[in-house]
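Chains as they are written, first to last, in this note's numbering: chain U, 93 to 429; chain W, 93 to 429; chain H, 93 to 429; chain A, 93 to 429.
Positions of the beta carbon are idealized from the N, C-alpha and C atoms, including for glycine.
Have a look at the structure below, then the notes.
Protein chains: 4
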Amino acid sequence: MEKLKIGIIGAGRIGQVHAKSITYHIPQAEIAAISDIYVDGAKKVAQDLGIPAYYEDYHNVLNDPKINAVLICSSTDTHADIACKAALAGKHIFCEKPVDLTVAKIKKVIEAVDKAGVKLQIGFNRRYDHNFAQIKRLENKGEIGNLQTIKITSRDPEPPSIEYVKVSGGIFLDMTVHDFDMARFIGAEVEEVYANAAVMVDPEIGKAGDADTALISLKFKNGAIGVIDNCRKASYGYDQRLEVFGSKAQASAANDTPTNVSVIGENGNISDKPLYFFLERYMQSFTDEMAEFVDCVLNDKQIKTTVYDGLEALRLGLAAKKSVAEHRPVKLSEIEG
Amino acid sequence: MEKLKIGIIGAGRIGQVHAKSITYHIPQAEIAAISDIYVDGAKKVAQDLGIPAYYEDYHNVLNDPKINAVLICSSTDTHADIACKAALAGKHIFCEKPVDLTVAKIKKVIEAVDKAGVKLQIGFNRRYDHNFAQIKRLENKGEIGNLQTIKITSRDPEPPSIEYVKVSGGIFLDMTVHDFDMARFIGAEVEEVYANAAVMVDPEIGKAGDADTALISLKFKNGAIGVIDNCRKASYGYDQRLEVFGSKAQASAANDTPTNVSVIGENGNISDKPLYFFLERYMQSFTDEMAEFVDCVLNDKQIKTTVYDGLEALRLGLAAKKSVAEHRPVKLSEIEG
Amino acid sequence: MEKLKIGIIGAGRIGQVHAKSITYHIPQAEIAAISDIYVDGAKKVAQDLGIPAYYEDYHNVLNDPKINAVLICSSTDTHADIACKAALAGKHIFCEKPVDLTVAKIKKVIEAVDKAGVKLQIGFNRRYDHNFAQIKRLENKGEIGNLQTIKITSRDPEPPSIEYVKVSGGIFLDMTVHDFDMARFIGAEVEEVYANAAVMVDPEIGKAGDADTALISLKFKNGAIGVIDNCRKASYGYDQRLEVFGSKAQASAANDTPTNVSVIGENGNISDKPLYFFLERYMQSFTDEMAEFVDCVLNDKQIKTTVYDGLEALRLGLAAKKSVAEHRPVKLSEIEG
Amino acid sequence: MEKLKIGIIGAGRIGQVHAKSITYHIPQAEIAAISDIYVDGAKKVAQDLGIPAYYEDYHNVLNDPKINAVLICSSTDTHADIACKAALAGKHIFCEKPVDLTVAKIKKVIEAVDKAGVKLQIGFNRRYDHNFAQIKRLENKGEIGNLQTIKITSRDPEPPSIEYVKVSGGIFLDMTVHDFDMARFIGAEVEEVYANAAVMVDPEIGKAGDADTALISLKFKNGAIGVIDNCRKASYGYDQRLEVFGSKAQASAANDTPTNVSVIGENGNISDKPLYFFLERYMQSFTDEMAEFVDCVLNDKQIKTTVYDGLEALRLGLAAKKSVAEHRPVKLSEIEG
C-alpha cells in the first residue's frame, strides 16, 4: 500500500503537533509539503522533519497533484474558505476546530465537501483521549446501561490574553465547544440548553463582553440530563473530567498526573496536581486522531468525527450564548442548522 | 453541671437513632420520656434504653416540667404544630426536617419560637458529616479562596415506595432539600434556581406527578454558580459527594466505603462501593448534631442550624418546582418568605 | 435467652473500651462487676456505665457465682495467673494479649483451660478490623488463589516511654506480636524467621537493649514467603497496611483516614493522613471481637482466636529475638512449644 | 553544536527502542550505523528510520571514525568484549545491563574504559522512570528525612521461557538486579543481604535450578533496612512499586495504568490494572536515559549511571545467590569486588 501524501496548511503550534505525529508515529503517511503565511515557520518545520517542500502560499499545497489530503491548521477565520478550495481541488481534509464561528460558512463547507466527494474530519481530539475513549467503549459494551446524567468539568490553567478573548467568539464558542462535542459523543443529541455565565477570574474579561466561568444545563433528546462547568483559570492546572451515570453503573474519568507518587508526612498525603497544559494532557490524542484520519482516507472508511459534529457543537455554543442573553432555556431547534 | 432532660416525640427510625446517640454518646443529657402514637414502639425503646417514661400522647412530654428540651421526630405533617406547642410550653426544640412543606406554617413556628425565647435546631445532619464539615473548615480557614463553583451529587440507592412519593412533596422538597441546605452551608445565599427534572428510573414515579432524576442550576447572590444533581436510584448505593472550586483550590469529598481494601486481578482493580444507606453513611453526623444541640441549650450558645435554614431550604425547593412547572429560571425572591 | 454475665478484671484503658462495647453495643451481655487494684478507677467506670459492683480484689469477681465469663484486662504479668484461677473457677475467659512473655506460663494456662473445659479467647483485635477481615473473606472465597507473598506494615505514631520499653519484652514481643498473629491469620503457619533490627528513631531505645525499627522475613510451611516491617515512630501517624499476593489476585488494605476530602491547589493534591492512634483505627474491631466472644460462650461455639494463637505469636517473637541475637535464620521448631 | 554520531550494535527489541528514541526525540544525536549478526534485522531498522549504514559485523561500527559513541544492545554474553573493544577504539559507550554475569569481566571493562578515558553509561533505565525519579528528587530536597526503610516490589506479568531461564543467571542476576540498583539509587550502599527463594509459579523453573518468587532483606551501610519482593508472574500485569520511609515522610510510587477511568456498579468500583509490559511502563525512561547519555558525551559531563553501578548490582545478585545456597545472611564484602 502506498503512503498517504499529506500537505499541511499552517505551521503554528497545532500544525507542528500534527507534523510530528505523522513523521514519528504514522508510517502509513508522509508529509509532502507545508505552508504558512509566516514562511520562515514553515521552512523551519520542513527542515527539522525532512519535509521536501515548504511554501508561503497554501495554494501551492492545494495545486500539488501528488498530495492526497490536507490538514487545515491555519487561523480560524480562514478554515472555511480553505476547506472549500481544498474540496474543489479533490483533497481529503482534516480541519482544526472550529470550522467557523457561523452556521452559514460551515454549511458551505458541507456543500463543497459533499459535491467533491472528499472526506473531512474535524479535530475534536478529546474524543481520542485515552480516558474519554475508554468511557465510550464501556458505554458501547453496555456496561453503563441507559444514560441518565452526564457531567463534564473543563477548566483551563490560565485565561487567554484579552486580545484573544475579544476575537474568540466568547467562552461558549471557544472553550465550551469541546465540551458540547463531548456531551454529544458520550451522551446524545441535545434538545435544549440553559446557561449561567459569570465573571469571577478577571474583570477585564467581563469588560470585553465575555464570561470566564460558566455552567450549562443540558436536556438530551433521549430524556437524559447533563451539565458542563467551565472556568478559564484553575490554580492547580488543567482540569478535564467526565462522569457518566447510567442505570447500570457510573463511570468517571479522573485527571492525568505527571507521576503516581504520593508523600505522606505531617501535613497530609500529597500527590500530584493534574498535568498543567493541554499539550501534555492530550498529546497522544492528537496522534490517535491523525492515525484514524489516515486510516479512513487510505482504506476508504467512513469518517467518525465529521463536519456535522463541528456544526452541532457550534449551534450548541450559539444556543448557550442566546440562553445567557435572553436568560431562559433555549431549544437547539431555535438555532439555524 | 446538671444533665439536660430530653423528651423524644416519635419513636420511629430517626427517633431511635437520636435516643441511642444520647444514651450512649452524650453524657451531658438524659432522656426523661418518649412518646409515639404507636405506643408499643415507645415502650420498646424505653425498655431497651432504660428511659423512665413512655407515652402515647406527646402532650405528656410537653407537660412534664422536668423536661428542658424536646426532639420532634414524628411525621412531617405534625412537626409545625408540635413545635408551636413545645415553644409555648417553654421547651427548647430539636426538629427533624422538613419543618413543614409550606412557608406559612414554618413562619408560625418562627413566630412561636421567637415569642417563647426558646432555641430551635433543625436536623440538617449532613452539615455534621465528617467530610462536608471538613470542607467547611477548609473554607473558613481561607484555603479555598473565593468560591466560584459548587457541585453537589446526591443519589439514593433505591427509590421510596410510590405511596411515599405521593405524599413526599416531590423530589425537590423531599430529597433536594438536603442539597439546597448544603449549597447554602458550603456555598452562599441563592439568588436564582433553574431546574431540569426527568423520569428515568420508574415510570410510576412520573405517573404520581413526580420526577426521579433532576439537575438544578444555582446562581448565588455573591456571583458564584452551582449545580445539584439528584437521582432516586444508583445501582452502586448511596452517592453523596461535594466539590467546591475556589480561586485558591478545589476541595472535594468522596464517598465513604465499608473498607479500604482493593483487589487487583485479571479483571482490574476492584475496591468498595460507597456505603449503601444513609444510616451507615451519616450515623456519626446524627450523634454530632445532637451533641451540638445539647451543648447549645446547656451553655446558652447560639444555634447554628436554625429554623430559618429550614425555611430557606423549603423556599429553594418551591422555586425548583416552579422552575420546572414554568420552564424558566426562578428567582428566590419570587417565593414567599 | 438469658444475658451473659461478665466480670471485668482491670479498669484501665482497654478494660474501659470493652466495658463500653458491652454496655452500648452488645445487648446479649451485661457487666456484673469490675475490679482494679486502683479501686477508684473501677468505681468510676462502674458508676458511669451502671455496673452494679466494683472491687479492688479480682477474687471477688472470680468468686461471684452469677458471673459466667471474665475479661482479663490487668497488667501483662498477671494475665497467666488470673487466667488459671479463672479456669479453676469455671469462668469462660477473654484474655488480653499477650497472655504471657514465656512459653511455660502460657502452657500452664492451656492446661488449666483444657482441664476446666472453659473457653478462652485472646484479644488479637486486629483480626476483627474491617479491612483485614475483608481480606480474610476474599481469601476464603478463593479470590486470591494460592498465597505466594504476604507483606505487613505496622508503624506506630510515637514510641512508648523508655520505662515501658524496658519492661515490654522488646519490639518483637510487644509490637511485632500483632503482626505475627496477622501473618498466621491471613497467611499460614510459619516455619522460619529471619529478623533485622535497627535503632533509627531514638538512641535511648538502643541503650535500653531494644530496637525501634525492624524487618522480619518469614518462610511459611506451605512454601509462601512474607515480610513484616515495623517502626516505633511514623511522622504521619499510625500506619497499618497489609498486602496479600496470590496466584489469582493481589489484595491490599490501605490505611483508614479521618475524612475522604482532598484539596487540589498550587502545592498538589492533599488528602488525609491515616487515623493517628490505635483506639481510633481499631475501635470497631474491639466491639466486634467482644461480640464474637459473647456469641461463642452463649451459643457454645468454638473460639476462633485461641490461646494457641497467643502461644504461636509469642514463639515467633522469641524466634525473631534469637534471629537477631545469633544473626541467622531461626526455625520456629527451635523454640520450645 | 554538532550532533553526536551514534552507532548501534544489536538491532533487537532494545536496540530498536533506542534507535527510535534517538531518531524521534533526541535532536542532538543521529544514528550513523547499526549492526546485527542477523543482518536483515539491522537492514530493516536502517530503512525504517533512515539510518545511512547497516552491517552484520559490529567491527564496522567500531572502525567508523565518524562515530563518537556506541550503544551495546547485543546479547549479554557479548557485552563485555564489545565494550572493551569499543573503549580501545575510543568510542563512548552506552551498554545495556547486565554488563556481564561475572565480576572479572566487568572489571576488565572498567579497566579498558579507564585506560581509554571514554565514558560508559549502564542501561539501568528505571532510574529515569517518572515515578522513581520523582522520589529521588523528593529525597534530594530533604522531604523524606533520614532514610529508615525502603521497600521495592517488582513482579513480571509472565515468566520467561524455560530456555531463557536456563541461561539467565537466575532470578537474582536477571530480575532482582534492577531492584538492587534501585535500592542503591534510592537507598544507600548495601552491607548485607539475606534472601528467601521459592518456586510457586512454575515447577519447571525449579527443575531448571532457579526460583520464581523471592524476598530479599537488605541492611544498608547507613543503618537503614530494606526489602525487595519479586515474582516472575502476576495475574494483573507488571507490578513496579517503591516505598521509602524516612524520619520526615513516607513516599510511595504506585503503578501506572492505561487510563484513569473508574466504573462503580453493583460489583464494586473497578479501575485499571497496571500497564502490562515493561515497554509500555518504561518507554519514556528509555528516551530519558538516552537523552542524558547524549548530553553527558556532548557536554563532557560526568556519567551518573556508571559501570560501577553495574558491578555493584551484580555483586548484590551474587550475594543473594550465596545467601540462598548457604541459608544465611551474606555480607557484600564476601563477594569479590
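Could you check the C-alpha separation between A:N238 and H:P252 for me, to the nearest Å? Their backbone Cα atoms lie some 21 angstroms apart in a straight line.
At least one CB of chain D closer than 7 angstroms to the CB of W:V355: is that the case? Considering every chain present, this structure includes no chain D. Its protein chains are U, W, H and A.
Chain-ordered residues of the stretch 301–314 of chain A with a beta carbon less than 7 angstroms from chain H: If you check each beta-carbon in the stretch 301–314 of chain A against every beta-carbon of chain H, the ones closer than 7 angstroms belong to T305, L307, S309 and K311.
Taking W:V153 and W:I101 to be in contact with their CB atoms under 8 angstroms, please state how far apart those CB atoms are, rounded to whole angstroms. At roughly 6 angstroms, the Cβ-Cβ gap stays under 8 angstroms, so W:V153 and W:I101 are in contact.
From this set, H:K183, H:L96 and H:V191, which residue's C-alpha is nearest H:T397's C-alpha? Selected option, being the one with the closest Cα: H:V191.
Please identify the residue among U:C165, U:E188 and U:K200 whose C-alpha is closest to the C-alpha of U:A179. Ranked by Cα distance from U:A179, the options U:C165, U:E188 and U:K200 are led by U:K200.
Which ranges does the alpha helix (DSSP H) cover as unbroken runs of at least 4 residues, wholly within the stretch 272–344 of chain U, from first to last along the chain? Qualifying alpha helix (DSSP H) stretches, in chain order: 295–299.
So for U:E122, helix, strand or coil by DSSP? When DSSP states are grouped into helix, strand and coil, U:E122 belongs to the strand group.
Delimiting residues of the beta strand (DSSP E) encompassing W:I462: Here chain W comprises residues numbered 93 to 429, so residue 462 of chain W is not present and cannot be evaluated.
Status (buried if at least 16 other CB within 10 Å, exposed otherwise) for U:E188: For U:E188, the number of other beta carbons within 10 angstroms of its own is at least 16, and it is reported as buried.
Outcome for U:V319 when other beta-carbon atoms lying within 10 angstroms are tallied against a minimum of 16: The residue in question, U:V319, is buried, as its Cβ has 16 or more Cβ neighbours within 10 Å.
Buried or exposed for A:R54, please, with buried defined as at least 16 other CB atoms from any protein chain shown within 10 angstroms of its CB. Chain A is shown from 93 up to 429; residue 54 of chain A falls before or after that span and cannot be answered.
Through-space distance from U:F272 to U:V72, alpha-carbon basis: Absent from the structure is residue 72 of chain U, since the part of chain U shown begins at 93 and ends at 429.
Residues of chain U with a CB under 8 angstroms from the CB of A:K136: which are they? The CB of A:K136 never comes closer than 8 angstroms to any CB in chain U; the least such distance is about 12 angstroms.
Integer-rounded CB distance, given that A:I356 should sit under 8 angstroms from W:K243: Rounded, the Cβ-Cβ distance is 17 angstroms, inconsistent with contact.
Where DSSP assigns a beta bridge to W:F186, which residues make up the other side? W:L163 and W:Q213, per the DSSP bridge assignment.
Looking at the structure shown, is A:G107 part of a helix, part of a strand, or coil, going by DSSP? In the structure shown, A:G107 sits in a helix (DSSP, three-state: H, G or I).
CA-to-CA distance, U:Y400 to A:R247, given in whole angstroms: Between the alpha carbons of A:R247 and U:Y400 lies a distance of about 48 angstroms.
Can you list the residues of chain U that A:N223 reaches, using a CB-CB cut of under 7 angstroms? Here the neighbours are T351, N352 and V353.
Can you confirm whether H:Q108, when its beta carbon is compared against all beta carbons of chain W, has any partner nearer than 7 angstroms? No, its Cβ sits nowhere closer than 7 angstroms to a Cβ of chain W.
Return helix, strand or coil for W:L408, following the three-state DSSP convention. Looking at W:L408 - three-state DSSP - the assignment turns out to be helix.
Taking DSSP's pairing of strands, which residues face H:L239 in a bridge? Looking at the DSSP output, H:L239 shares a beta bridge with H:G338.
Contact set for H:K325: own chain, Cβ-Cβ below 8 angstroms, skip 5 residues either direction: These residues qualify, in order along the chain: R247, D248, P249, E250, P251, V293, D294 and D304.
Excluding the 5 residues flanking A:K393 on each side, which residues of the same chain have their C-beta closer than 7 angstroms to its C-beta? Taken in chain order, the residues that qualify are D387.
Which residues in chain H sit within 8 angstroms of A:C187, going by Cβ to Cβ distance? Per Cβ cutoff of 8 angstroms: no residues; A:C187 is ~32 angstroms from chain H at best.
At a CB distance below 7 angstroms, what residues from the stretch 140–173 of chain A approach chain W? Give them in sequence order. Per Cβ criterion, the list is empty.
With a cut-off of 7 angstroms, does the C-beta of A:Y116 fall near any C-beta of chain U? Yes, A:Y116 lies at the interface with chain U (some Cβ there is under 7 angstroms from its Cβ).
What residue does the alpha helix (DSSP H) around H:S354 start on, and which one ends it? Run containing H:S354: none in the alpha helix (DSSP H); it sits in the beta strand (DSSP E), V353 to G357.
With a Cβ-Cβ cutoff of 7 angstroms, do H:L424 and H:V269 count as a contact? Taking the C-beta atoms as reference points, H:V269 is found no nearer than 7 angstroms to H:L424.
If you draw a straight line from the alpha carbon of U:D331 to that of U:T245, how long is it in whole angstroms? Those two C-alpha atoms are separated by around 7 angstroms.
So with Cβ pairs under 7 angstroms, would you call A:K95 a contact of chain W? No Cβ of chain W is located within less than 7 angstroms of the beta carbon of A:K95.
Cβ-based contacts, 7 angstroms cut-off: residues of the stretch 325–336 of chain W near chain A: Look at the stretch 325–336 of chain W: the residues with a C-beta under 7 angstroms from a C-beta of chain A are S327 and Y328.
Since W:T245 sits in a beta bridge, which residues does DSSP pair it with? W:D321 and W:R333, per the DSSP bridge assignment.
Is U:V191 helix, strand or coil by DSSP? Three-state DSSP puts U:V191 in coil, outside helix and strand.
Per DSSP, what kind of secondary structure is A:N232 in: helix, strand or coil? Look at A:N232 here: in three-state DSSP terms it is helix.
Which bits of chain W does U:M292 rub up against, with CB to CB less than 8 angstroms? Simply N238, Q240, G315, A316 and S339.
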